[in-house]
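Residue numbers (the numbering used here), protein chains in the order written: chain A, 80 to 305; chain B, 80 to 305.
Where a beta carbon is used, it is the ideal one built from N, C-alpha and C, also for glycine.
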DNA sequence: AGAGATTTGTGAAGAAAAGCACAAATCCCC
DNA sequence: GGGGATTTGTGCTTTTCTTCACAAATCTCT
Ligand SMILES: NC(=O)c1ccc[n+]([C@@H]2O[C@H](COP(=O)([O-])OP(=O)(O)OC[C@H]3O[C@@H](n4cnc5c(N)ncnc54)[C@H](O)[C@@H]3O)[C@@H](O)[C@H]2O)c1
Ligand SMILES: NC(=O)c1ccc[n+]([C@@H]2O[C@H](COP(=O)([O-])OP(=O)(O)OC[C@H]3O[C@@H](n4cnc5c(N)ncnc54)[C@H](O)[C@@H]3O)[C@@H](O)[C@H]2O)c1
């Protein structure tokens with residue numbers, strides 16, 4: 080086995096489309112690793128993740144040259160490089176606002192903690208929920224009143240926030256989170272949030288997803304009857 | 080008020096990026112309509128939905144010419160046109176497989192029924208859940224055993240399926256859904272599903288979303304310390 | 001050590017999406 | 001009915017993303 084020469088780490092900006100796919104590659108690599116695989120080709124990894132092998136190689140080429148021609152990629156090594164690039168080796172503190180149907184499902188979900196996301200704060204408006212405890216990953220957390228949000232989030236130093244409140248109050252909650260120092264927000268409310276520069280928002284819009292599927296479904300029908 | 084001349088309905092393919100935004104415009108228009116607004120300009124609607132006005136106008140131009148120069152768009156009329164284009168006037172039957180944390184939150188969510196998506200079937204593997212009832216929108220539905228999936232879905236004639244089971248069994252569930260006639264799938268399991276041609280899959284990957292935010296968050300830090 | 005088989009990394013071409021800017025259509029008011 | 005103000009619809013440009021296709025690097029086998 081030859082000594083691995085230090086690979087060149089690219090320092091250009093990574094295209095947004097690539098960033099969105101890195102978590103998917105990361106997950107597939109994790110599976111391969113757990114299955115004991117040590118090597119994988121771009122063709123195999125592409126098959127597993129549902130992209131083309133050319134796209135996969137180009138995506139990876141933005142991080143650096145971590146493969147070996149004629150051979151493929153070392154699973155563990157590539158996985159580590161993606162994790163480093165994405166900041167998954169850091170621990171991220173996350174707060175969730177709104178513990179209704181969806182917020183509770185998110186809080187209880189074990190998959191976040193195991194990926195470096197620690198849920199450190201839960202906030203709701205409803206007096207019936209405040210004070211009750213939820214098991215999130217390893218620890219139990221008490222639901223705090225939304226009125227405490229600004230103070231508590233600042234103290235917890237969380238910079239990631241999840242909004243799972245009704246659409247009507249989402250902008251208000253968003254403003255409070257931003258005021259408390261949150262700079263990245265995952266928004267489940269079906270509404271656009273405006274934020275100052277430097278604050279990222281990603282929306283997950285479940286009803287829209289169904290509507291997009293329905294649109295294509297309708298097109299399939301039109302074709303058939305045409 | 081002049082008679083509205085029949086607007087030309089465009090019959091070209093609508094770009095995918097546009098399709099993904101139509102539900103967002105639709106929702107904003109619904110809000111405006113409920114608020115009693117009758118007209119809206121591309122500038123205002125763009126502001127509400129977080130896009131630029133030029134993009135919005137180009138998106139709408141793919142459906143037809145439904146605006147009036149110098150005036151704007153009629154809220155109700157434009158809303159109806161988008162609904163028609165997206166097939167939101169039809170009723171869509173949806174089944175959900177996996178009623179854990181997430182599946183239950185989805186099943187209980189009222190926002191789907193009100194948008195033309197009827198949840199008509201719930202399936203799980205767990206004997207403790209089978210037979211129990213869940214209130215979904217107007218009606219109560221009994222959770223059925225996953226072994227019945229093929230038969231029941233065929234009978235229900237559902238063509239939209241939601242997968243909310245652990246990743247390890249997602250492909251199996253997907254295959255069963257496809258066999259039963261489902262041609263559009265919303266997948267919450269963090270794994271790629273392979274399906275035959277003609278079957279659409281959209282993935283909603285919550286952990287990936289957090290990871291993407293974390294990536295940008297890390298970049299912000301690097302900038303600051305640079 | 002060389003020939004043949006793989007498989008990466010990447011320029012270049014092509015396609016899709018976004019952004020710009022302005023003519024054309026409409027309204028309002030005098 | 002005409003002039004000024006408004007706002008759409010769209011051709012054109014730029015940017016971003018995807019796909020193609022092949023030289024370069026590595027491995028295996030003899
Ligand atoms: N449940 C789903 O499957 C689903 C699907 C798509 C979208 N959504 C969206 O996600 C959001 C949450 O959905 P849900 O089903 O959990 O709703 P929900 O009504 O069950 O829960 C909302 C929670 O937010 C809390 N809340 C209200 N105002 C608040 C405030 N000002 N500060 C803090 N907390 C406040 C409420 O007390 C409640 O606990 C909604 O915007 C909904 O449209 C949910
Ligand atoms: N809960 C979340 O917030 C969250 C977040 C991100 C991703 N996810 C993903 O969504 C999926 C569901 O998450 P969850 O938290 O609801 O998990 P969960 O374990 O609470 O629920 C899974 C359900 O699927 C059922 N199931 C298992 N095998 C089945 C089969 N073969 N047929 C039918 N039903 C079967 C189980 O009985 C269980 O009720 C998982 O893939 C998870 O990774 C969940």
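Comparing the CB of residue i with every heavy atom of ligand 2, is any distance shorter than 6 angstroms?
i	result
residue 203 of chain B	yes
residue 190 of chain A	yes
residue 245 of chain B	yes
residue 180 of chain A	no
residue 285 of chain B	yes
residue 248 of chain B	yes
residue 261 of chain B	no
Between residue i and ligand 1, is the CB less than 6 angstroms from at least one heavy atom?
i	result
residue 267 of chain A	yes
residue 184 of chain B	yes
residue 169 of chain B	no
residue 173 of chain B	no
residue 300 of chain B	no
residue 225 of chain A	yes
residue 177 of chain A	yes
So what's residue i in DSSP terms, helix, strand or just coil?
i	result
residue 209 of chain A	coil
residue 221 of chain A	strand
residue 200 of chain A	strand
residue 188 of chain A	coil
residue 153 of chain B	strand
residue 270 of chain A	coil
residue 173 of chain B	strand
residue 238 of chain B	coil
residue 312 of chain B	Nothing about residue 312 of chain B can be read from this structure; chain B reaches only from 80 to 305.
residue 109 of chain A	helix
residue 84 of chain B	Summary for residue 84 of chain B: the model assigns pLDDT 48, below 50, so the residue's position carries little reliability; its value from the coordinates is reported in the next sentence. Here residue 84 of chain B sits in coil by DSSP.
residue 181 of chain A	helix
residue 93 of chain A	coil
residue 276 of chain B	coil
residue 281 of chain A	strand
Take residue i and list the residues in its own chain whose beta-carbon comes closer than 7 angstroms to its own, dropping the five residues that flank it on each side.
i	result
residue 253 of chain A	242, 264, 272 and 274
residue 212 of chain B	219, 220 and 221
residue 231 of chain B	200 and 223
residue 170 of chain A	195 and 197
residue 237 of chain A	172, 173, 174, 199, 200 and 261
Is residue i near ligand 3, going by C-beta to nearest heavy atom under 6 angstroms?
i	result
residue 147 of chain A	Ligand 3 is absent from the structure shown, which contains only ligand 1 and ligand 2.
Leaving out the 5 sequence neighbours to the left and right, which residues in its chain are closer than 6 angstroms to residue i when beta-carbon positions are compared?
i	result
residue 240 of chain B	174, 256, 261 and 264
residue 162 of chain A	168
residue 284 of chain B	269
residue 164 of chain B	142
By Cβ distance below 8 angstroms, which residues in the same chain neighbour residue i in space, the five residues on each side in sequence not counted?
i	result
residue 294 of chain B	none
residue 235 of chain A	172, 174, 199 and 200
The stretch 210–219 of chain B in contact with the stretch 115–127 of chain B per 3-pair CB rule at 8 angstroms | Too few Cβ pairs lie closer than 8 angstroms, so no.
Decide if the stretch 153–163 of chain A is in contact with the stretch 246–262 of chain B; the criterion is three or more beta carbon pairs, one per stretch, under 8 angstroms apart.
-> In the pairwise beta carbon analysis, the stretch 153–163 of chain A is classified as not touching the stretch 246–262 of chain B: fewer than three pairs are separated by under 8 angstroms.
Stretch pair the stretch 173–185 of chain A + the stretch 176–186 of chain B: three plus CB contacts closer than 8 angstroms | Between the stretch 173–185 of chain A and the stretch 176–186 of chain B there are three or more inter-stretch CB-CB distances shorter than 8 angstroms, so the stretches are counted as touching.
Taking contact to mean at least 3 C-beta pairs separated by less than 8 angstroms, is the stretch 200–209 of chain A in contact with the stretch 192–207 of chain B?
-> The stretch 200–209 of chain A, when compared against the stretch 192–207 of chain B, does not touch it at the 8 angstroms Cβ threshold.
Please determine if the stretch 224–234 of chain A and the stretch 128–146 of chain A are in contact, where contact requires at least 3 C-beta pairs separated by less than 8 angstroms.
-> Touching, no.
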